[in-house]
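Engineer: Position in the sequence shown (first residue = 1) + 22 = our numbering.
Just so you know, even glycine gets a beta-carbon here, dropped at the ideal spot from N, CA and C.
Could you have a look at this structure, given as structure tokens, before my questions?
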Amino acid sequence: MSTIDEVANLAGVSKATVSRVLSGSAPVREKTRVQVMSAIEQLNYSPSQAARSLASNKTYTVGLVTTNINTPYYGPAASGIETTLRNHDRHVIIASGQNSPEGERDAVDFLIKRQVDALVLVTNFLPGKEIARINKRCPVFVMNQHFPGDRQQNIDYDNFAGGRMAIQYLLSKGHTKIAIVSGPRWKRDADQRYLGSIQAMKESRLKVHWQVEGSFGVADGASHMKTILQLKKKPSAVFFANDMMAIGALRVCHDQGIRVPEDMAIMGYDNWEHSKNFIPGLSTIHMPLYEMAEATALLVLNRVYGTEHKPKRQFQPSLIIRESA
């Protein structure tokens, strides 16, 4: 079995440098880090996790709770967090909340009992006050969320600007009769998207033609689109507050022979990876989920393991123009 001395000799560095690379406890030049990791790979060196834990009082594991892994939102978020932490020799234990508040709480308790060094919550049901209480038990980090006392533990995204941008684009295309299908407004991100869209309408001195609160699901988007198509006075465009609802709406329009965008323009939000593959391609607002997840992981490394990365803290939306609007 290889030793840390052999790794240091092969890499041409000190044992202390090898330890810093492995622990991430201090900044190391990228060239040096590559040399050390190459030596580790060549020698098949495996540091004793037990020894590392005893020396640092850390387990070098991070818990990640998501509402559901298999969605366009939670999948990229989980992947970005897990990949970034793994690249810095940290391991992630992922627990799904199974689409319920009870499931999310159970996942949190399970991970804390596993003595993770920190929790990353990409959740749907846990309110901010509850997350703040969890933070007292174990350091919590969030993205596109806030909780009381989340100083330096969150990565933010401007949902208000995104909602406003979506409506401004529809207005620029000549639409004045616009329907809005928001997300569940008890969620801060959904509420901000809605408020941004309303602000754009007010700035143009227009009223929303029709609006309803949705649940972010494909079936929900389809259901609301069917209702819209039954209105006596139909809108010329609909803004759905996420791509999943917009995709459900596209299907309904296809089934009923409604041409998009000629008869009805449809705008989504999130820029899900496959939104460009639908016919017509979905016009949407881009949310850089993977990059936000990477930044969240770097925050964890800084606050919990003492590294000195400089992650981007505030992300902005951008307009993606395709054929649907």
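Give the single residue among 209, 298, 173 whose Cα lies nearest to the Cα of residue 182.
Structural biologist: The shortest Cα separation from residue 182 among 209, 298, 173 belongs to 209.
Engineer: How is the beta strand (DSSP E) around residue 83 delimited, first residue to last?
Structural biologist: Note, residue 83: beta strand (DSSP E), 83-88.
Engineer: Of all the alpha helix (DSSP H) runs that stay within the bounds of the segment 134-169, which reach a length of 4 or more residues?
Structural biologist: Complete alpha helix (DSSP H) runs here, min 4: 150-159.
Engineer: How about residue 350 and residue 165: do their beta carbons lie closer than 7 Å?
Structural biologist: The structure shown does not extend to residue 350, since the chain spans only 23 to 347, so no value can be given for it.
Engineer: Give me the DSSP bridge partner(s) of residue 110.
Structural biologist: For residue 110, which the question treats as bridged, DSSP gives no partner whatsoever.
Engineer: Residues in its own chain within less than 6 Å of residue 311 by CB, not counting five upstream and five downstream?
Structural biologist: So the qualifying residues of the chain are 98, 99.
Engineer: Could you pull the start and end residues of the beta strand (DSSP E) that residue 235 belongs to?
Structural biologist: Element bounds for residue 235: 232-235.
Engineer: Per the DSSP calculation, residue 176 is bridged to which residue(s)?
Structural biologist: Answer is 164.
Engineer: When you compare the CB positions of residue 138 and residue 156, do they come within less than 7 Å of one another, or not?
Structural biologist: The answer is no: Cβ separation not under 7 Å.
Engineer: Cα separation between residue 331 and residue 68?
Structural biologist: One C-alpha to the other measures close to 25 Å.
Engineer: Thinking C-alpha only, which one of 226, 143, 173 is nearest residue 187?
Structural biologist: Ranking the options by Cα distance to residue 187, first place goes to 226.
Engineer: Please classify residue 228: does DSSP put it in a helix, a strand, or coil?
Structural biologist: Looking at residue 228 - three-state DSSP - the assignment turns out to be coil, as it is neither helix nor strand.
Engineer: Use the C-beta contact count for residue 87: other C-beta atoms within 10 angstroms, 16 or more gives buried, fewer gives exposed.
Structural biologist: Answer is buried; the Cβ neighbour count reaches 16.
Engineer: Return the CA-CA distance between residue 269 and residue 184, expressed in angstroms with no decimal places.
Structural biologist: Roughly 19 Å separates the two Cα atoms.
Engineer: Bridge partners of residue 336, per DSSP?
Structural biologist: Paired residue(s): 178.
Engineer: Can you tell me whether DSSP reads residue 54 as helix, strand or coil?
Structural biologist: Of the three classes helix, strand and coil, the one that applies to residue 54 here is helix, per DSSP.
Engineer: Are there 16 or more other CB atoms within 10 angstroms of the CB of residue 64, so buried, or fewer, so exposed?
Structural biologist: Result: exposed.
Engineer: Smallest Cα separation from residue 292: which of 179, 148, 233, 234?
Structural biologist: Here the closest residue by C-alpha is 179.
Engineer: Since residue 118 sits in a beta bridge, which residues does DSSP pair it with?
Structural biologist: Paired residues: 88.
Engineer: Consult DSSP for residue 185 and reduce its assignment to one of helix, strand or coil.
Structural biologist: The answer is helix: DSSP assigns residue 185 an H, G or I state.
Engineer: Here's the rule I'm using: 16 or more other beta-carbon atoms within 10 Å means buried, otherwise exposed. How should residue 211 be labelled?
Structural biologist: It counts as buried.
Engineer: For a test of the three-state rule: what should DSSP assign to residue 431, helix, strand or coil?
Structural biologist: Given that the chain is displayed from residue 23 to residue 347, the structure contains no residue 431 and the question cannot be resolved.
Engineer: What do you reckon, are the CB atoms on residue 302 and residue 346 nearer than 7 Å?
Structural biologist: It is a contact, given that the beta carbons lie within the stated cut-off.
Engineer: Quick check on residue 148: buried or exposed, where buried means 16 or more other Cβ atoms within 10 Å of its Cβ?
Structural biologist: Looking at its Cβ environment, which holds 16 or more other Cβ atoms inside 10 Å, residue 148 is buried.
Engineer: Answer yes or no: do residue 145 and residue 89 have a C-beta to C-beta separation smaller than 7 Å?
Structural biologist: Contact flag set, yes.
Engineer: Below 8 Å on the Cβ atoms is my contact criterion, and I expect residue 251 with residue 232 to pass it. Report the Cβ-Cβ distance as a whole number of Å.
Structural biologist: Contact doesn't hold; Cβ gap of about 11 Å is too wide.
Engineer: What alpha helix (DSSP H) runs, 4 residues minimum, are completely inside the segment 238-276?
Structural biologist: Within the segment 238-276, the complete alpha helix (DSSP H) runs of at least 4 residues are 240-251.
Engineer: Given that a residue counts as buried once 16 or more other Cβ atoms are within 10 Å of its Cβ, and exposed if not, what is residue 343?
Structural biologist: Exposed: under 16 other Cβ atoms inside 10 Å.
Engineer: Taking only the alpha-carbon atoms, compute the straight-line gap between residue 66 and residue 37 and give it to the nearest angstrom.
Structural biologist: Using only the alpha carbons, I get a separation of about 16 Å.
Engineer: In this structure, how does DSSP classify residue 68 when only helix, strand and coil are distinguished?
Structural biologist: Residue state, collapsed to three classes: coil.
Engineer: Going by DSSP, what residues sit across from residue 18 in a beta bridge?
Structural biologist: Outside the shown range of the chain (23 to 347) lies residue 18, about which nothing can therefore be said.
Engineer: Can you grab the Cα-Cα spacing for the pair residue 110 / residue 241, in whole Å?
Structural biologist: Their Cα atoms are separated by approximately 40 Å.
Engineer: Under the three-state reduction of DSSP, which class applies to residue 35: helix, strand or coil?
Structural biologist: Residue 35 falls in the coil class under three-state DSSP.
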